[in-house]
Amino acid sequence: MFKEVLQSIEGVEFYTIVSMMIFILFFVGMIIWLLKVDKKYIKTMSELPLEEDNNEFSNLTGGTK
Amino acid sequence: MALEKFSYDNEIVRKFTIATVIWGLVGMLVGLLIATQLFAPALNFNIPFLTFGRIRPLHTNAVIFAFVGNAIFMGVYYSLQRLCKARMFSDMLSNIHFWGWQLIIVAAAITLPLGLTTSKEYAELEWPIDIMIALVWIAFGINMFGTIIKRREKHMYVAIWFYIATWVTVTVLHVVNSIEIPVSFLKSYPIYAGVQDALVQWWYGHNAVAFFLTTPYLGLMYYFLPKAANRPVYSYKLSIVHFWSLVFLYIWAGPHHLLYSALPDWAQSLGTVFSIMLIAPSWGGMINGLLTLRGAWDRVRENPILKFMVVAVTAYGMATFEGPMLSLKNVNAIAHFTDWIIAHVHVGALGWNGFLTFGILYWLVPKLWKTNLYSNKLANFHFWIGFLGIVFYAFSMWFSGITQSLMWKQFTPLGVLQYPNFLETVLQIVPMYIIRMIGGTLYFVGIIAMVYNLVKTANQGSFAKEEPAEAPALEKFKDPLKRGVIHRFLEGKPVIFIGLTFIVIIIASVFEFVPMFLIKSNVPTIASVKPYTPLELQGRDIYIREACNSCHSQLVRPFRSETERYGEYSKAGEYVYDHPFLWGSKRTGPDLHRIGGKYPNLWHYLHMENPSSMSPGSLMPSYPWLLSNNLNTSTTESKINAMRSIGVPYTEGYEKVANDDLQKQAEQIAADLQNAGAPVDPNKEIIALIAYLQRLGTDIKANPVTTVQTGK
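Going line by line, the protein sequences match chains A and B.
Sequential numbering of the first sequence, starting at 91, is according to the working numbering.
Sequential numbering of the second sequence, starting at 72, is according to the working numbering.
Now the structure itself:
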């Protein structure tokens, strides 16, 4: 069943190569972007989980003294 | 800008927290029972619902989907609301998700001991439950994406990407691996057969580990470790690189579960190559986690939460190094089918999943109940006894696995097997099984200490269902492309992000599956391989019901030590009518692929009644009910029909006369047993099981010179 579905797609082998290329290009693009990205942005991002602590019960330390 | 007032839903987090703890206790208690059964078979109690084969999947499902599953949802529901600065999208969906998931777990806990199973590891649940899982999972998805879309925080923190990747991939895995033809309300056959079924199953099985036990937990690590350490993650850039490479590479590695099997070599090699590459992104995650604590190691000494998290991340690093090593063919040749694999998965489950969950629980429960942890001392006790438990567990299983494997492969100087009796290699490792049970007990004692500690903590605090919060409304994006390319654009567009993750995992899957399903030479057909007779088919379903495949493989690897012990190695073409494949993944008992014709019918009869009568000292449970249960032949017609619809060449109309053939064959076997001195009613289940066992692997024995006919 699965086999028939796949066979009915024209040039299905070609899709595997194209998909591989899409990924490689995406990955390379990501690396280039990472090298050029603004440091301030990275800093903001990495502090996201900590910042909402202001709204919380900041007197608590999860029981660790 | 005006602040919007809203509140976080802590009630749903509380529910998942309680469920995590309860199912953790249940799942691990069942684990302890089956670990003990392995050296004390009397603990199977001769009761079908308590035999090892049936409750081993109960243990794995309870730990993976009940304990870890609920822990994932607990962490996601807590962190997602806060990272998005928004309440969950819909309280109703949250509750549907919670109660639906618990219902699925209860359904599993009932059906698995009843022997209602598909036999596919970690996907044992039958089709109606599969549909329930899909519906509940979709409710979770809508709830999660709804929250992300209505968020008040512009950026999506890396933990959220891991949650998204988890949701998308598990959806695809579950759907593809569960395509099956229902035979009755609680019985189905997969549409794939043999080698292809094995490939799909291990593509699923491996990625269930990847996207249920790993990616969501990395998301939790990226949120809760910085929270517990009160410092940002070591490198945010590293988290981006390791996220995309992990998501892309993991999907390909499944075939490493099938090395030296009948799977074509190219697919096996593909699995190995990608497994080795996986070290990089896995260790990227580990390094990022550990280095988050740089300069704060003094606090690890005092803080049990950080201790749990450090060991969890280290266990992740160890397991993800061991995994690729096990994917090397020469290492796999030793490790596969042995307890080494059990050690490997438990370093992951007890260390990574267990300890990270405990760390989060110790952090979260005091937060939710607005108090301090009841006892730091008790948490430290939990940490050390749990850690000791892991050490006992892992080392005993490493020893056991390597010892047994070497015994399987040992030849005398004359060139014959030194330990031709399989049982001898089992009895050798019994002490290791006892030590493993002790390790598991230590770990379990730690959990009981945790439960007490958490209950005390909750009792001394006060829980508030709603946690008030405020945040400015999110400004609409003006021109996202100008502010940075690719990723910043993507993380502003969750829908595109979801699509991209989907494409990435589909790419790999297509690459893996297309050739397997299309190129005929991948499964050379063997002319003498014929479909099962109706009686054998019924016997096979009994084999599945009792989960014989939990302990017996049906795959002779092409090693001299195995062909000497079992017979001719297994060929892909022998399995073309096997819906599902029953290769197994662990040899607690010997391989059964060439069992057909090896022993007389009487041997099987007496062996199933009481294994130690035939093999003194055997650890196999007894199956006395097979001798007294009548075979249900009313299902034969629907089974033949279902098999034909997925490509097994039974002739049209055969389903009407199939039971006549069944009866004839049963009477032959019963007559043979009678001659041998054991009068048996031909309508008993044991007759069908014997028919199946005697058929196993005989097709090529009967006609060994049949040439292999390959397609183009």
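Built from N, CA and C at the ideal position, the CB exists for glycine as well.
Sub-8 Å separation of residue i and residue j beta-carbons
{"i": "asparagine 701 of chain B", "j": "lysine 755 of chain B", "result": "yes"}
{"i": "alanine 713 of chain B", "j": "tyrosine 260 of chain B", "result": "yes"}
{"i": "tyrosine 149 of chain B", "j": "serine 165 of chain B", "result": "no"}
{"i": "valine 207 of chain B", "j": "tryptophan 172 of chain B", "result": "yes"}
{"i": "phenylalanine 160 of chain B", "j": "lysine 221 of chain B", "result": "yes"}
{"i": "glycine 388 of chain B", "j": "glycine 460 of chain B", "result": "no"}
{"i": "glycine 265 of chain B", "j": "aspartate 649 of chain B", "result": "yes"}
{"i": "histidine 415 of chain B", "j": "glutamate 393 of chain B", "result": "yes"}
{"i": "leucine 690 of chain B", "j": "aspartate 662 of chain B", "result": "no"}
{"i": "alanine 210 of chain B", "j": "isoleucine 167 of chain B", "result": "yes"}
{"i": "threonine 363 of chain B", "j": "proline 297 of chain B", "result": "yes"}
{"i": "glutamate 583 of chain B", "j": "leucine 74 of chain B", "result": "no"}
Residue i burial status per 10 Å Cβ neighbour count (16 or more: buried)
{"i": "glycine 688 of chain B", "result": "exposed"}
{"i": "leucine 125 of chain A", "result": "exposed"}
{"i": "valine 127 of chain A", "result": "buried"}
{"i": "arginine 372 of chain B", "result": "exposed"}
{"i": "methionine 135 of chain A", "result": "buried"}
{"i": "tryptophan 423 of chain B", "result": "buried"}
{"i": "aspartate 752 of chain B", "result": "exposed"}
{"i": "glycine 748 of chain B", "result": "exposed"}
{"i": "arginine 365 of chain B", "result": "exposed"}
{"i": "glycine 724 of chain B", "result": "exposed"}
{"i": "methionine 227 of chain B", "result": "buried"}
{"i": "serine 249 of chain B", "result": "buried"}
{"i": "glutamate 195 of chain B", "result": "buried"}
{"i": "alanine 383 of chain B", "result": "buried"}
{"i": "tryptophan 273 of chain B", "result": "buried"}
{"i": "alanine 338 of chain B", "result": "buried"}
{"i": "tryptophan 368 of chain B", "result": "exposed"}
{"i": "phenylalanine 426 of chain B", "result": "buried"}
{"i": "aspartate 731 of chain B", "result": "exposed"}
{"i": "threonine 722 of chain B", "result": "exposed"}
Spatial neighbours of residue i in its chain, beta-carbon cut-off 8 Å, leaving aside the 5 residues before and after
{"i": "threonine 107 of chain B", "result": "Leu114 and Met508"}
{"i": "alanine 535 of chain B", "result": "Asn81 and Lys441"}
{"i": "histidine 417 of chain B", "result": "Ile461, Tyr464, Ala465 and Met468"}
{"i": "tyrosine 307 of chain B", "result": "Val229"}
Same chain only: Cβ atoms within 6 Å of residue i, ignoring 5 sequence neighbours per side
{"i": "glutamate 537 of chain B", "result": "Ser78"}
{"i": "leucine 174 of chain B", "result": "none"}
{"i": "glycine 356 of chain B", "result": "Leu289 and His313"}
{"i": "methionine 99 of chain B", "result": "Phe515"}
{"i": "histidine 43 of chain B", "result": "The displayed coordinates of chain B run from 72 to 783. Any statement about residue 43 of chain B would go beyond what the structure contains."}
{"i": "tyrosine 234 of chain B", "result": "Val147 and Gly290"}
{"i": "threonine 88 of chain B", "result": "Met145"}
{"i": "lysine 772 of chain B", "result": "none"}
{"i": "tryptophan 198 of chain B", "result": "Glu251, Pro253 and Ser259"}
Residue i - containing alpha helix (DSSP H), residue span
{"i": "leucine 764 of chain B", "result": "756 to 766"}
{"i": "glutamate 723 of chain B", "result": "Unbroken run through glutamate 723 of chain B: none, as it is neither H nor E."}
{"i": "proline 602 of chain B", "result": "No alpha helix (DSSP H) holds proline 602 of chain B; DSSP gives it neither H nor E."}
{"i": "alanine 450 of chain B", "result": "447 to 480"}
{"i": "proline 139 of chain A", "result": "138 to 141"}
{"i": "alanine 269 of chain B", "result": "265 to 279"}
{"i": "alanine 299 of chain B", "result": "286 to 300"}
{"i": "glutamate 847 of chain B", "result": "Only positions 72 to 783 of chain B appear in this structure, which leaves residue 847 of chain B out of reach."}
{"i": "glutamate 639 of chain B", "result": "Note, glutamate 639 of chain B: premise wrong, no alpha helix (DSSP H); not H, not E."}
Residue i - containing beta strand (DSSP E), residue span
{"i": "phenylalanine 77 of chain B", "result": "74 to 80"}
{"i": "serine 255 of chain B", "result": "251 to 255"}
{"i": "lysine 258 of chain B", "result": "258 to 261"}
{"i": "glutamate 537 of chain B", "result": "537 to 543"}
Check: residue i C-beta below 7 Å from any heavy atom of the ligand NAD
{"i": "proline 199 of chain B", "result": "The ligand NAD is not part of this structure, which contains no ligands at all."}
Own chain, CB closer than 7 Å to residue i, minus 5 neighbours either side, in chain order
{"i": "serine 716 of chain B", "result": "Ile252"}
{"i": "lysine 86 of chain B", "result": "Phe169"}
{"i": "lysine 710 of chain B", "result": "Val254 and Leu608"}
task = Check whether the region 87 to 95 of chain B touches the region 138 to 145 of chain B, counting contact only when three or more Cβ pairs, one atom from each stretch, lie closer than 8 Å.
result = Three or more Cβ pairs closer than 8 Å define a contact, and the region 87 to 95 of chain B meets that threshold against the region 138 to 145 of chain B.
query = Looking at C-beta atoms only, is the number of pairs between the region 249 to 266 of chain B and the region 211 to 231 of chain B that lie closer than 8 Å three or more?
reply = No, because fewer than three Cβ pairs between the region 249 to 266 of chain B and the region 211 to 231 of chain B fall closer than 8 Å, the two stretches do not touch.
query = Below 8 Å, can you find three or more Cβ-Cβ pairs linking the region 75 to 92 of chain B to the region 500 to 507 of chain B?
reply = Judged by Cβ distances under 8 Å, the region 75 to 92 of chain B makes no contact with the region 500 to 507 of chain B, as fewer than three pairs qualify.
request  = Tell me, please, whether the region 322 to 337 of chain B touches the region 269 to 278 of chain B by the rule of three or more beta-carbon pairs shorter than 8 Å.
outcome  = Contact between the region 322 to 337 of chain B and the region 269 to 278 of chain B is present: 3 or more CB-CB pairs across the two stretches fall below 8 Å.
ask   = Is there contact here, the region 485 to 495 of chain B with the region 397 to 416 of chain B, by at least three beta-carbon pairs under 8 Å?
value = No: fewer than three Cβ pairs fall under 8 Å.
key: At least three beta-carbon pairs within less than 8 Å, the region 601 to 613 of chain B to the region 228 to 236 of chain B   = Taking 8 Å as the limit for Cβ pairs, the verdict is that the region 228 to 236 of chain B does not touch the region 601 to 613 of chain B.
query = Is there contact between the region 393 to 405 of chain B and the region 335 to 354 of chain B, where contact requires at least three CB pairs shorter than 8 Å?
reply = With a cut-off of 8 Å, the region 335 to 354 of chain B and the region 393 to 405 of chain B count as touching, because enough Cβ pairs lie within range.
ask   = Do the region 177 to 185 of chain B and the region 110 to 130 of chain B touch if we need at least three Cβ pairs shorter than 8 Å?
value = Contact holds: three or more Cβ-Cβ distances are below 8 Å.
The region 517 to 526 of chain B in contact with the region 432 to 450 of chain B per 3-pair CB rule at 8 Å = Flag = yes, the region 517 to 526 of chain B and the region 432 to 450 of chain B touch.
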